[in-house]
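Since the structure comes first, as structure tokens, the remarks are kept for the end.
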Amino acid sequence: MKKVFLSIILLFVMSACSVNNNEQDSSSAEENNQAAEVPEVKVEFEHEPLPVKEETTIQASVTQGGEPVPDAEYVEFEIWNSEDGQDSSETFKAQHTESGVYTITHSFAKEGTYQVIAHTQVDDLHTMPETEVAVGQQAEASGHEHGDDRGKFMVHLMTEQSFKAGESSTLTTHINHMEEPFSEASVRYEISSDQMEKHMYIDAEESERGEYTTTYTFPSPGTYTINVHYEKPDEDIHGHQKETIEVTQ
Numbered sequence: 263m264k265k266v267f268l269s270i271i272l273l274f275v276m277s278a279c280s281v282n283n284n285e286q287d288s289s290s291a292e293e294n295n296q297a298a299e300v301p302e303v304k305v306e307f308e309h310e311p312l313p314v315k316e317e318t319t320i321q322a323s324v325t326q327g328g329e330p331v332p333d334a335e336y337v338e339f340e341i342w343n344s345e346d347g348q349d350s351s352e353t354f355k356a357q358h359t360e361s362g363v364y365t366i367t368h369s370f371a372k373e374g375t376y377q378v379i380a381h382t383q384v385d386d387l388h389t390m391p392e393t394e395v396a397v398g399q400q401a402e403a404s405g406h407e408h409g410d411d412r413g414k415f416m417v418h419l420m421t422e423q424s425f426k427a428g429e430s431s432t433l434t435t436h437i438n439h440m441e442e443p444f445s446e447a448s449v450r451y452e453i454s455s456d457q458m459e460k461h462m463y464i465d466a467e468e469s470e471r472g473e474y475t476t477t478y479t480f481p482s483p484g485t486y487t488i489n490v491h492y493e494k495p496d497e498d499i500h501g502h503q504k505e506t507i508e509v510t511q
């Protein structure tokens, strides 16, 4: 009977040790995950504007905790012409050259404004910074807008309101051209965030002359970029302006 009692006590002690070891392992793994910093990615071009129909180098410098990352799982550049939209994008895998720098060579088929996203995976952390670049002398001179009176637009996205996740938010933009309301234009909102798998495009309606509104429900708290695209194709006018907003819980 005494042996049975000792055996039971021994089993309890072994079980307690196993639980403590598992908790310590789990705690260590959690601490390691918390310690990992989100990688920082800086996209750079040889010069701007970039040439048309010529090979040019695009590079991304990847660091984590201030140190170069030479062994990222992948760095891929997604590129598309702003007028054609993200559905026309192409993705190119970058090669590591030195000290956390990943590069591709690319030839742009036509002038215009292009969006470049550097999809970067380091261990289980993902980041995807987006950069805008002008291609061709005309695109640079126009300030990313087209038309004889380009550069004389005033675009104001109303950001004074609070934006909450899970609630319908009204997006309102006032657009003036040559100090007059820019009326009867085609306007849409391009919404993006690191928390979204892809960009959302939402058409806006002109509620008053030069005032364009739509509604959108932000799925989660965080930082969002809203790119307001406005155009009149028959007048060869196309422009856009980006704003960053914070969405709260």
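Counting from 1 along the sequence shown, just add 262 to a position and that's the residue number in our numbering. Positions of the beta carbon are idealized from the N, C-alpha and C atoms, including for glycine. Here the structure is a predicted model, which means the values were calculated and not measured.
For Thr435, is the classification buried or exposed, using 16 other Cβ atoms within 10 angstroms of its Cβ as the cut-off for buried?
The residue in question, Thr435, is buried, as its Cβ has 16 or more Cβ neighbours within 10 Å.
When burial is assigned at 16 or more other CB atoms within 10 Å of the CB, is Val300 buried or exposed?
Exposed: under 16 other Cβ atoms inside 10 Å.
Who are the Cβ neighbours of Glu352 in its own chain at under 8 Å, not counting the five residues just before and after it?
Around Glu352: Glu340, Ile341, Trp342.
Note down the Cα distance separating Asp498 from Glu345, rounded to an integer number of angstroms.
Cα to Cα, Asp498 sits roughly 12 Å from Glu345.
Short check: CB of Gln511 to CB of Pro481, under 9 Å?
Annotated as distal: Gln511 and Pro481, with beta-carbon spacing of 9 Å or more.
If I measure Cβ to Cβ from Gly362 and keep anything under 7 Å in the same chain, skipping five residues before and after, which residues do I get?
Correct list, in chain order: Ser323, Val324, Thr325, Pro330, Val331, Pro332.
Hey, how far is the Cα of Ala466 from the Cα of Tyr486?
Spanning the two alpha carbons is a distance of roughly 18 Å.
Can you tell me which residues form a DSSP beta bridge with Gly428?
Residue pairing by DSSP leaves Gly428 without any beta bridge partner.
N- and C-terminal bounds of the beta strand (DSSP E) containing His309
Taken as a continuous stretch (DSSP letters only), His309 belongs to no beta strand (DSSP E), as it is neither H nor E.
Please list, in chain order, all residues of the same chain as Tyr474 whose beta carbon is under 6 Å from its beta carbon, the five residues on each side excluded.
Closer than 6 Å at the Cβ level, and outside the excluded window around Tyr474, lie Thr435, Val449, Ala466, Glu468.
Cβ shell of Glu505 (< 7 Å), same chain only, five flanking positions each side left out:
Within the same chain, and ignoring the five residues on either side of Glu505 in sequence, the residues whose Cβ sits closer than 7 Å to its Cβ are Leu419, Thr421, Ile488.
Span of the beta strand (DSSP E) around Ala322
Run containing Ala322: 317 to 326, per the beta strand (DSSP E) assignment.
Whose C-alpha, out of Thr432, Met416, Phe415, is nearest the C-alpha of Gln423?
The option with the nearest alpha carbon to Gln423 is Thr432.
I believe Glu373 touches Ala356 by the beta-carbon criterion, under 8 Å. Please report the beta-carbon distance rounded to the nearest angstrom.
Contact between Glu373 and Ala356 does not hold, since the beta-carbon distance rounds to 24 Å and is not under 8 Å.
With Ala371 as the anchor, note down where its beta strand (DSSP E) starts and where it stops.
DSSP places Ala371 outside any beta strand (DSSP E), giving it a letter other than H or E.
Looking only at DSSP bridge pairs, what is Asp496 linked to?
Answer by DSSP bridge pairing: none, since Asp496 is not bridged.
Would you say the beta carbon of Met462 comes nearer than 8 Å to a heavy atom of the ligand MG?
You won't find the ligand MG in this model; it holds no ligand whatsoever.
In chain order, each alpha helix (DSSP H) run of at least 4 residues that lies wholly inside the segment 340 to 399
The segment 340 to 399 contains no complete alpha helix (DSSP H) run of 4 or more residues.
Selection from Tyr478, His368, Gln399 that minimises the alpha carbon distance to Thr318
Among Tyr478, His368, Gln399, the Cα nearest to that of Thr318 belongs to His368.
For Ser430 and Thr479, believed in contact at Cβ under 8 Å, the rounded distance:
With 8 Å as the limit, Thr479 and Ser430 qualify as a contact, their Cβ atoms being about 5 Å apart.
Quick one: give me the first and last residue of the beta strand (DSSP E) that His418 is part of.
Looking at the DSSP string, the run of the beta strand (DSSP E) that includes His418 is 415 to 419.
So for Ser455, helix, strand or coil by DSSP?
When DSSP states are grouped into helix, strand and coil, Ser455 belongs to the coil group.
Work out the CA separation of Glu441 and Phe307 for me, nearest whole Å.
The C-alpha of Phe307 lies about 35 Å from the C-alpha of Glu441.
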